[in-house]
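Everything on this sheet refers to the single structure shown next.
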Amino acid sequence: MSEAVAEGTAPRPHRRLPIPPVVPMIVALIALWYVAAVPMNIKEALTQVERDGAVVSPESAVERRDMSNWALVARNPQHIAGSWATARPRLPAPHVVVEELYDSTIGEEVNGRRGLVRSGSLSNRSLVYHGLVTLNATFVGFLIGAVLGVALAIGIVHSRVMDMSVMPWAIVSQTIPIVALAPMIIVVLYSIGVQGLIPKAVISAYLSFFPVVVGMVKGLRAPDGMQLDLMRTYNADARTVLQKLRLPSSVPYLFASLKIAIAASLVGAIVGELPVQRGGLGARMLAGSYYGQTAQIWAALLTAAALAAVLVGLLGWLERKTLARMGMQT
Amino acid sequence: MQSAAAQSAPAPQSAPAVVSARNLFLTFQTADGPVNALSDVTLDISKGDFVSFIGPSGCGKTTLLRCIAALETPTGGKLTVNGMDPDAARKARAYGYVFQAAGLYPWRTIGGNIRLPLEIMGFSKSEQEERVARVLDLVELTGFEKKFPWQLSGGMQQRASIARALAFDADILLMDEPFGALDEIVRDRLNEELLGLWDRTGKTIAFVTHSIPEAVYLSTHIVVMSPRPGRITDVIESPLPRQRPLDIRDSPEFIEVAHRVREGLRAGYEE
Ligand SMILES: Nc1ncnc2c1ncn2[C@@H]1O[C@H](COP(=O)(O)OP(=O)(O)OP(=O)(O)O)[C@@H](O)[C@H]1O
Ligand SMILES: [Mg+2]
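Residue numbers (full-length UniProt numbering), protein chains in the order written: chain A, 1 to 330; chain B, 1 to 271.
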């Protein structure tokens, strides 16, 4: 390398993901979804059009019950479209989900009796409201999980005893299915008078501390022998080494774990909302399945997925900013 | 020439030993069995000496330097630095160490890297700035303070790492092939700079190199080492004066010393 390279202050080239391949991919997925909805809903669709006076084959409902879905589709090609418009679909067609998504967000807030426009506060029937409830618990849980995770990792890296005692327990803790544990956490906390946000945040934290511990332990141990030796020649104490070497080295690892952790936090918050029907996306999903409102479940699912994507995206943005400030190429 | 005056310049025999090694042994226990990196090394470095270590790759030069820095513990023999146990000397921040690779922290700018020891040792902000500017000037990197290491060439990074070791003004400098990655011209200039610095400050310098001319040009003493097990085969005291213009390398004395070093290296190989 010549000095000219160093003198040049040209910005590093930005690599952008090519957009085109994403669009056909999504189109293909939606097409697949429409195709899948046909056999899933054909029985109900046929019953529905028959009631409206159309001719279906075979005519006997009992016979239809015992036939395979694909055979029914083959014998009633003229009613395929009907399977995308049933009242209680097993698998709602994409446009039905999108409609539900609109109705339970913008539609509800703008036109609903309890919506933001008429009542001045978010409607408790809207996904905006429930999304915010979940988001609240996600943030609190994520914060607790991240702080706990970093603290445990620092302990593990500095103490052999902690390394040998904490790590196995952290791993064991993640082998217990959270759906089994969540109701217990809620009941135990309820019995000591804690309810609402906190139990959900605790479940979120329980899921999110683990990736942070694993990533941070690796990150704090990332400095190589020479970087550590340099600190030794300065007679730096453990605290200084942590502050000036281990923590800066661990930043890329930290962000990688935080992205996993925030998604896990969201899952934790939703799981925590399932048993307690007090709002949140989890409550909406369960309510949807009680009343056979699959579109409502899907709308809540999509909202959760979108939330996760936004949260992870935000962390990614923060990561790029931070690493750029630290002069690290990503 | 005033060679008589120059001859009398070298420090008297009674100068206090900064580094004193007696029958030093170091054996690494590796998966493939023990490796003798140092065997029976006895050596004195007096205050103000410029000592070069030369020898084939793997003969234990780095290991010896690391022992002096208390980064490695000898498995036998006695070693003192400034009259103390090496670890006590390390704790007293007796030396600055330049590693074989630059080893700058990638998240710190060049200035930030040089400031690192100053922050740790508790220099005031203004003093830090002043020192960073001074050593940057010394290694000719003024203007690169705000750059990150990856924006510099390998040789410039190495110079920055030298600046980092100079910043806190330890009395002893331990340098492990600091100029190995540089081209001849830059190397010559930095050799001159280093010699000037040594002359002005009276620092004691232990310097590892693979280059015979570099060793002869810089040193008051040249320690020739032989491959495994790492031993010292010869210690050559240079008759050259303290003031050494670059063209001293064409003088008969210089060529004579270089010849002796080469002979010593060859003898080490033949054993
Ligand atoms: N940490 C270690 N563990 C095991 N063996 C080691 C270790 N460090 C060095 N050695 C061995 O000790 C011997 C001396 O190594 P050292 O690094 O001191 O050589 P060197 O003279 O500095 O070589 P070079 O000129 O290539 O830098 C080598 O055989 C090396 O393999
Ligand atoms: Mg070496």
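Glycine included, every Cβ here is placed at the ideal spot set by N, Cα and C.
Relative to the C-alpha of aspartate 163 (chain A), which residue among A:Tyr129, A:Ala306, A:Gly131, A:Val213 is closest?
Selected option, being the one with the closest Cα: A:Val213.
Would you say the beta carbon of serine 57 (chain B) is closer than 6 angstroms to some non-hydrogen atom of ligand 4?
For the structure depicted, ligand 4 is absent and the ligand set comprises only ligand 1 and ligand 2.
What residues in its chain sit with their C-beta under 7 angstroms from that of alanine 215 (chain B), if we drop five residues either side in the sequence?
For alanine 215 (chain B), same chain residues with a beta-carbon under 7 angstroms away, outside a window of 5 residues either side, are Ser52, Ile54, Thr209, Ile222, Val261 in chain order.
Any C-beta of chain A under 7 angstroms from that of lysine 91 (chain B):
For lysine 91 (chain B), the nearest beta carbon of chain A is closer than 7 angstroms to its own beta carbon.
Where does lysine 147 (chain B) fall in DSSP's three states?
In this structure, lysine 147 (chain B) counts as coil in the three-state DSSP scheme.
Does any C-beta atom of chain B lie closer than 7 angstroms to the C-beta of alanine 4 (chain A)?
At alanine 4 (chain A), the pLDDT of 42 sits below 50, so the modelled position is not reliable and the matter cannot be decided from this model.
Are there 16 or more other CB atoms within 10 angstroms of the CB of valine 217 (chain A), so buried, or fewer, so exposed?
Buried.
Tell me the DSSP bridge mates of glutamine 29 (chain B)?
Listed as beta-bridge partners of glutamine 29 (chain B) by DSSP are B:Pro34.
Just list the residues that DSSP pairs threonine 80 (chain B) with in beta bridges.
Partner(s): B:Ser20.
Beta-carbon gap between alanine 21 (chain B) and serine 46 (chain B) smaller than 7 angstroms
No, the pair does not count as a contact, with Cβ atoms beyond the cut-off.
Rounded straight-line distance, which links the Cα of glycine 122 (chain B) to that of threonine 233 (chain B)
Each residue's alpha carbon lies about 42 angstroms from the other.
For leucine 242 (chain A), tell me which candidate among A:Glu59, A:Ile106, A:Val157 has the shortest Cα-Cα distance.
Comparing Cα positions, the closest option is A:Val157.
Residue list, Cβ distance to ligand 2 heavy atoms smaller than 7 angstroms
Per the Cβ criterion, the list is B:Lys61, B:Thr62, B:Gln100, B:Asp176, B:Glu177, B:Val208.
Assign aspartate 183 (chain B) to one of two classes, buried (16 or more other C-beta atoms within 10 Å of its C-beta) or exposed (fewer than that).
Flag for aspartate 183 (chain B) reads exposed.
For tryptophan 198 (chain B), go through chain A and note every residue whose CB falls closer than 9 angstroms to its CB, in chain order.
Those within 9 angstroms of tryptophan 198 (chain B) in chain A number zero; the least Cβ separation is about 20 angstroms.
May I have a chain-ordered list of the alpha helix (DSSP H) segments no shorter than 4 residues that lie completely inside the region 55–130 of chain A?
Whole alpha helix (DSSP H) segments, 4+ residues: 61–66, 69–75, 94–102, 108–111, 116–119.
Test: aspartate 229 (chain A) CB closer than 7 angstroms to a CB of chain B:
Among the CB atoms of chain B, one or more fall inside 7 angstroms of the CB of aspartate 229 (chain A).
I need the DSSP call for leucine 194 (chain B), collapsed to helix, strand or coil.
Of the three classes helix, strand and coil, the one that applies to leucine 194 (chain B) here is helix, per DSSP.
Name, please, each residue of chain A whose Cβ falls closer than 8 angstroms to the Cβ of methionine 121 (chain B).
Within chain A, the C-beta atoms nearer than 8 angstroms to that of methionine 121 (chain B) come from Tyr234, in chain order.
Between the alpha carbons of methionine 326 (chain A) and leucine 116 (chain B), how many angstroms are there, rounded?
Rounded to the nearest angstrom, the two C-alpha atoms are 15 angstroms apart.
Residues of chain A with a CB under 7 angstroms from the CB of leucine 116 (chain B): which are they?
Annotation: Cβ neighbours of leucine 116 (chain B) in chain A (cutoff 7 angstroms, chain order): Lys244.
Please determine if the region 75–91 of chain B and the region 195–202 of chain B are in contact, where contact requires at least 3 C-beta pairs separated by less than 8 angstroms.
For the pair of segments examined, the region 75–91 of chain B was found not to touch the region 195–202 of chain B: the number of CB pairs separated by less than 8 angstroms stays below three.
Taking C-beta pairs closer than 9 angstroms, name the residues in chain B that methionine 216 (chain A) reaches, listed in chain order.
By Cβ distance, chain B contributes nothing, its closest Cβ being about 16 angstroms from methionine 216 (chain A), past 9 angstroms.
Between which two residues does the alpha helix (DSSP H) carrying alanine 206 (chain B) extend?
Note, alanine 206 (chain B): premise wrong, no alpha helix (DSSP H); beta strand (DSSP E) at 204–209.
Short CB-CB distance (under 7 angstroms) between glycine 279 (chain A) and chain B:
It does not: the Cβ of glycine 279 (chain A) has no partner Cβ on chain B nearer than 7 angstroms.
If you reduce the DSSP assignment to three classes, tell me which class serine 8 (chain B) lands in.
For serine 8 (chain B), the pLDDT reaches just 39, beneath the cut-off of 50, and the residue's location in the model is therefore unreliable, leaving the point undetermined.
Using a Cβ-Cβ distance cut-off of 7 angstroms, determine whether phenylalanine 99 (chain B) contacts chain A.
Answer yes: the Cβ-Cβ gap between phenylalanine 99 (chain B) and chain A drops below 7 angstroms somewhere.
What are the start and end residues of the alpha helix (DSSP H) that includes threonine 303 (chain A)?
Looking at the DSSP string, the run of the alpha helix (DSSP H) that includes threonine 303 (chain A) is 294–325.
Thinking C-alpha only, which one of A:Val202, A:Asn76, A:Ser126 is nearest glycine 279 (chain A)?
Distances from the alpha-carbon of glycine 279 (chain A) to those of A:Val202, A:Asn76, A:Ser126 put A:Ser126 closest.
Mind checking which residues open and close the alpha helix (DSSP H) that includes leucine 258 (chain A)?
DSSP places leucine 258 (chain A) inside the alpha helix (DSSP H), whose first and last residues are 247–273.
Check whether the region 130–143 of chain A touches the region 192–208 of chain A, taking contact to mean three or more Cβ pairs, one atom from each stretch, closer than 8 angstroms.
Enough Cβ pairs lie closer than 8 angstroms, so yes.
Less than 6 angstroms separating the Cβ of valine 81 (chain B) from some heavy atom of ligand 1?
Valine 81 (chain B) Cβ: outside cutoff for every heavy atom of ligand 1.
According to DSSP, simplified to helix, strand and coil, what is isoleucine 30 (chain A)?
If DSSP states are grouped into helix, strand and coil, isoleucine 30 (chain A) belongs with the helices.
By a C-beta neighbour count over all protein chains shown, 10 Å radius and 16 as the cutoff for buried, is phenylalanine 179 (chain B) buried or exposed?
Its Cβ being crowded by 16 or more others within 10 Å, phenylalanine 179 (chain B) is buried.
For proline 94 (chain A) and isoleucine 30 (chain A), which I take to be in contact (beta-carbon distance under 8 angstroms), what is that distance rounded to the nearest angstrom?
The Cβ separation is near 5 angstroms, so the contact holds.
Go through its chain and collect everything with a Cβ distance to glycine 268 (chain B)'s Cβ below 6 angstroms, but skip five positions before and after it.
Close CB contacts of glycine 268 (chain B) within its chain, under the 6 angstroms cut and outside five residues either way in sequence, are with Ser226, Thr233 (chain order).
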